[in-house]
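UniProt numbering puts the first residue of the sequence shown at 1, with every later residue one more than the last.
Structure, as structure tokens:
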Amino acid sequence: MKILEVKTKGARFFVVAIISALAFLGCNEKPEAKKPKKTQKPNILFIMSDDHAYQAISAYGSKLIKTPNIDRLAKEGMLFTNASVTNSICAPSRATILTGKHTHINGKIDNLMPFDTTQVTFPQIFQKNGYQTAMFGKLHFGNNPKGVDDFMILPGQGFYINPDFITSKGDTTITGYVTDIITDVTLNWLKEERDEDKPFMMMYLHKAPHRPWWPTPEKFKEFTKKEFPEPETLFDDYSNRGTAAKTAEMNLFTHMMYSHDSKIRPELLEKMGDKVTPKVEEFKNGFYGPYGRANREQKAKYDEVLDEINAEFEKNWPTMTDEEKMRWKYQRYMQDYLACISSVDDNVGRVLDYLEESGLAENTIVVYTSDQGFYLGEHGWFDKRFIYDQSFKTPLIIKWPNTIEPGSVENEMVQNLDFAPTFLEAAGIEVPSDMQGESLMPLLKGEKEKWNRDAVYYHYYEYPSVHMVKRHYGIVTKEYKLAHFYFDVDEWELYDRLNDPHELNNVYDHPDYAEVVEELKQKLKELRKKYKDSPELDQKYIDIYKKMKAEKENDFW
Ligand code: SGN
Ligand code: CA
């Protein structure tokens, strides 16, 4: 065993977090495993990354990266090809998962709206029903988790390098790389803290691959040498779409930041002056904020790679065409984003290995998902928020030995809304009647005839705000997607999912689709009623936004 030093903020003493030295050093020697006691109830290991696009998982047919460890779950479990979120942004997604309710009901409609902590979250129900519970990693919720026996979470978005953490025992800073650390702590809990007489429900939540995509120095070096295929819609001009796509601020060419995102040093940008076009406004401290966390030794390793990127930029940028610049930004983005994912995959592998070695795997449900999908250059974009596929859908893989047929693929429309009822039913715990999701048990057991959902509901609110994606709600069926954008526009969009998979043509006004529009509008109305959403509620949330904005002036979002 090795002791990892954890510096307690503002204090002179050290808190110690015990971790397995062997796992930490990546050695091959097997950790000594405690013998699992047979409990009837299954353990649940919920693994969630932040902003992990399904396009970057090889089990989903990625052309960008191999994720052998996440793929293991798909080989041994069920891969959902039509899993989506109810509101494509971090804290709202987490609130939906924890409460089993849409965000207009749980109130966490955007990242800044406070969460009413008197609401019941599903870990509390597990805890009450005899489960040992824990949460490690990124919660990004504004308050500490309830219903967990142990937790260590990042404050807010958290840092990639030498991150700070909040624990039940106080605030700490741990030297190392965030994805490795969250895994070390998770493994340590499984090995040392687990109560063998109880089943466990563990939430293992990665920060990666969230912006600004800082990989380990080793992966940074490896991935900057790679070149990635471009998506077909990289140069989308947003014609045949509504105002929302045209006014969103998430285009790689126009909005991706040189320094914060592409890792060009601010001094070089200043030196090059007008030679750097297009002009993009940078976040204050966007580069030195994250890079500045590194110690001397770590910086030296990053510098080796940064020097090369910066030298190339200085030499080539002034003579590059706009098209070449877009391509360069895309490659730089993918190099860092995918390098972060590579670390997630390695670390998921470490945890899966431990489950196998310890014998826990047999009675553990393992879930891999993300808090939403993400644009990897599709439509020229990064970020998320839209009801369009890449951000509306999210990866979902579930492994459950002896219940789920290994290697199965499920194309039914499921949502993060369904997670809490599913986990509760799997554990034989009663699902509260006010949860709005459906348990996925029939699908997991291969009893498809017991599943009868034909449409899902979506509602995004965080506007005006970073990336400027307008408020919208909509209905999605396997064939169509109908959305209403509102607040400072009143526009409808309809996409024919089967004939226009890239969602490039809004056919809302096309006479051939008049009947579809009418039918879907009626269905949308019914769904809004079913989930207790309404024009009055839309207005209520607009009023709250305006009030908060007025109180906090310009710095609200
Ligand atoms: C930060 C990001 C944005 C991102 C939001 C929300 N900027 O503001 O690009 O859309 O978070 O993301 S950065 O400072 O991280 O680079 S979320 O996943 O937390 O909802
Ligand atoms: Ca996210």
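Note that the Cβ used here is the ideal one computed from N, Cα and C, for glycine as well.
Every value quoted in this text rests on a predicted model; they were computed, and no experiment measured them.
Using three-state DSSP, classify Asn144 as helix, strand or coil. In the sequence shown, the residue the question calls residue 144 occupies position 144. Three-state DSSP puts Asn144 in coil, outside helix and strand.
Can you list, in chain order, the residues of its chain with a C-beta nearer than 8 angstroms to that of Arg528? Leave out the 5 residues immediately preceding and following it. Within the sequence shown, residue 528 is the residue found at index 528, counting from 1. Once the five neighbours on either side are set aside, the close Cβ partners of Arg528 are Tyr457, Tyr473 and Ser534.
Using a Cβ-based criterion (distance less than 7 angstroms to any ligand heavy atom), does Ile89 qualify as near ligand 3? No copy of ligand 3 appears in this structure; the ligands present are ligand 1 and ligand 2.
Among Asp543, Ile429 and Tyr486, which one has its Cα closest to the Cα of Gln40? What you label residue 40 is simply residue 40 of the sequence shown in a count that begins at 1. Residue Ile429 is the option with its Cα nearest to Gln40.
Can the beta-carbon of Pro290 be found closer than 8 angstroms to that of Trp214? Residue numbering aside, residue 290 sits at position 290 when the sequence shown is read from its first letter. Residue numbering aside, residue 214 sits at position 214 when the sequence shown is read from its first letter. Yes, the pair counts as a contact, with Cβ atoms nearer than the cut-off.
Considering only their Cβ atoms, is the gap separating Gly377 from Glu230 smaller than 8 angstroms? Position 230 of the sequence shown, counted from the start, is the residue given in the question as residue 230. Position 377 of the sequence shown, counted from the start, is the residue given in the question as residue 377. Cβ atoms of Glu230 and Gly377: closer than 8 angstroms.
I'd like to check one pair, Ile89 with Tyr368: are the Cβ atoms closer than 8 angstroms? Your numbering for residue 368 matches position 368 in the sequence shown. Your numbering for residue 89 matches position 89 in the sequence shown. In this structure, Ile89 does not lie closer than 8 angstroms to Tyr368 by Cβ.
When the Cα atoms are used, what is the spatial distance from Lys198 to Asn499? For this step, residue 198 is matched to residue 198 along the sequence shown. For this step, residue 499 is matched to residue 499 along the sequence shown. Computed Cα separation, rounded: 50 angstroms.
Look at Val148 and Thr167 and say whether their C-beta atoms are less than 8 angstroms apart. Here residue 148 is taken as the residue at index 148 of the sequence shown, counted from 1. Here residue 167 is taken as the residue at index 167 of the sequence shown, counted from 1. No.
Excluding the 5 residues flanking Met201 on each side, which residues of the same chain have their C-beta closer than 6 angstroms to its C-beta? Your numbering for residue 201 matches position 201 in the sequence shown. Ile44, Phe126, Tyr131 and Thr133.
Starting from Gly474, follow its DSSP beta bridges and name the residues at the other end. Here residue 474 refers to the residue found at position 474 when the sequence shown is read from its first residue. In the DSSP output, where bridge partners are listed per residue, Gly474 has Tyr458 and Ala483.
Using beta carbons (cut-off 8 angstroms, strictly below), is Glu324 in contact with chain D? The question asks about chain D, but that chain is absent: this structure has only one protein chain.
Between the Cα of Gly407 and the Cα atoms of Gln415, Arg265 and Ala74, which residue gives the shortest distance? Walking along the sequence shown from the start, residue 407 turns up at place 407. Distances from the CA of Gly407 to each of Gln415, Arg265 and Ala74 were compared; the closest alpha carbon is that of Ala74.
Taking 7 angstroms as the cut-off, is the C-beta of Pro212 nearer than that to any heavy atom in ligand 1? Taking the sequence shown and counting its residues from 1, one reaches residue 212 at position 212. At least one heavy atom of ligand 1 is nearer than 7 angstroms to the Cβ of Pro212, so yes.
Assign Ala311 to one of two classes, buried (16 or more other C-beta atoms within 10 Å of its C-beta) or exposed (fewer than that). Here residue 311 is taken as the residue at index 311 of the sequence shown, counted from 1. Of the other Cβ atoms in all chains shown, fewer than 16 fall within 10 Å of the Cβ of Ala311; this residue is therefore exposed.
Please determine if the region 183-192 and the region 312-328 are in contact, where contact requires at least 3 C-beta pairs separated by less than 8 angstroms. Contact between the region 183-192 and the region 312-328 is absent, because fewer than three Cβ pairs lie under 8 angstroms.
Whether Tyr508 touches Trp492 by CB criterion (8 angstroms): Position 508 of the sequence shown, counted from the first residue, corresponds to residue 508. Position 492 of the sequence shown, counted from the first residue, corresponds to residue 492. Trp492 sits close to Tyr508, with the two beta carbons spaced by under 8 angstroms.
If you run the structure through DSSP and keep just helix, strand and coil, what is residue 558? For residue 558 there is no data in the structure shown, the boundaries of the chain being 1 and 557.
Please state the DSSP three-state secondary structure of Lys30. As a position in the sequence shown, residue 30 is number 30, starting the count at 1. Caution is warranted here: a pLDDT of 42 is assigned to Lys30, below 50, making its placement in the model unreliable, and no coordinate value can be reported.
Report the residue from Tyr177, Leu187 and Val489 whose alpha carbon sits nearest the alpha carbon of Leu352. The residue labelled residue 352 in the question sits at position 352 within the sequence shown. When Tyr177, Leu187 and Val489 are compared, the shortest CA-CA separation from Leu352 is found for Leu187.
Tell me whether the region 390-398 and the region 53-64 touch, counting them as touching only if at least three CB pairs, one residue from each stretch, are closer than 8 angstroms. Enough Cβ pairs lie closer than 8 angstroms, so yes.
Can you determine whether any heavy atom of ligand 2 sits closer than 7 angstroms to the C-beta of Gln372, and answer yes or no? Indexing the sequence shown from 1 puts residue 372 at position 372. Within the cutoff, so yes.
Only counting runs of 4 or more residues, tell me where the alpha helix (DSSP H) segments fall wholly within the region 196-251, in order along the chain. The region 196-251 is shown to contain whole alpha helix (DSSP H) runs of 4 or more residues at 217-223 and 243-247, in chain order.
With Tyr486 and Ile109 assumed to form a contact (beta carbons below 8 angstroms), what rounded beta-carbon distance in angstroms separates them? Position 486 of the sequence shown holds residue 486. Position 109 of the sequence shown holds residue 109. Rounded, the Cβ-Cβ distance is 14 angstroms, inconsistent with contact.
Where does Asn295 sit, in a helix, a strand or coil, going by DSSP? Walking along the sequence shown from the start, residue 295 turns up at place 295. Asn295 falls in the coil class under three-state DSSP.
Heavy atom of ligand 2 less than 7 angstroms from the Cβ of Asp50, yes or no? Stepping through the sequence shown from its first residue, residue 50 is reached at position 50. Between ligand 2 and the CB of Asp50, the shortest heavy atom gap is smaller than 7 angstroms.
Where do the ends of the beta strand (DSSP E) carrying Lys399 lie? The residue given as residue 399 occupies position 399 in the sequence shown. Segment Leu396 to Lys399, the beta strand (DSSP E) holding Lys399.
Give the secondary structure of Trp191 by DSSP, where H, G and I count as helix, E and B as strand, and everything else as coil. For this step, residue 191 is matched to residue 191 along the sequence shown. Note on residue identity: the sequence assigns Lys, not Trp, to residue 191. Annotated three-state conformation of Lys191 is helix, per DSSP.
Met548 - DSSP class collapsed to helix/strand/coil: The sequence position of residue 548 within the sequence shown is 548, counting from 1. Reduced to three states, the DSSP call for Met548 is helix.
Neighbourhood of Tyr177 by C-beta distance below 8 angstroms, restricted to the same chain and skipping five residues each side: Reading the sequence shown from its first residue, position 177 is the one you call residue 177. Excluding residues within five positions, the ones whose Cβ falls inside 8 angstroms are Tyr160, Ile161, Thr216 and Ser343.
Assuming Met326 contacts Leu443 (C-beta within less than 8 angstroms), just tell me the rounded distance between them. As a first step, residue 326 must be located in the sequence shown, where it is residue number 326. As a first step, residue 443 must be located in the sequence shown, where it is residue number 443. A Cβ-Cβ separation of about 40 angstroms leaves Met326 out of contact with Leu443 under the 8 angstroms criterion.
Check whether the Cβ of Asp383 lies closer than 7 angstroms to any heavy atom of ligand 1, and answer yes or no. For the purposes of this step, residue 383 is taken as the residue at position 383 of the sequence shown. Answer for Asp383: yes, Cβ within range of ligand 1.
Return the CA-CA distance between Thr179 and Tyr204, expressed in angstroms with no decimal places. The residue labelled residue 179 in the question sits at position 179 within the sequence shown. The residue labelled residue 204 in the question sits at position 204 within the sequence shown. Going by C-alpha positions, Thr179 is about 10 angstroms away from Tyr204.
Just curious, the alpha helix (DSSP H) that Lys391 is in, first and last residue? If you number the sequence shown from 1, residue 391 lands on position 391. According to the sequence shown, residue 391 is Ser rather than Lys. Bounds of the alpha helix (DSSP H) holding Ser391 are Asp389 to Phe392.
Excluding the 5 residues preceding and the 5 following Gly100 in the sequence, name in chain order all residues of the same chain whose CB lies nearer than 7 angstroms to its CB. Here residue 100 refers to the residue found at position 100 when the sequence shown is read from its first residue. If the five residues before and after Gly100 are omitted, its C-beta is found closer than 7 angstroms to the C-beta atoms of Phe122, Leu417, Ala420, Pro421, Met435, Gln436 and Gly437, all from its own chain and listed in chain order.
Which residues in the same chain have their Cβ closer than 7 angstroms to the Cβ of Arg94, if we skip the five residues on either side of it in sequence? Position 94 of the sequence shown, counted from the start, is the residue given in the question as residue 94. Listed in chain order, the non-local C-beta contacts of Arg94 below 7 angstroms within the same chain comprise Leu139, His140, Phe141 and Asp371, local neighbours out to five positions each way being set aside.
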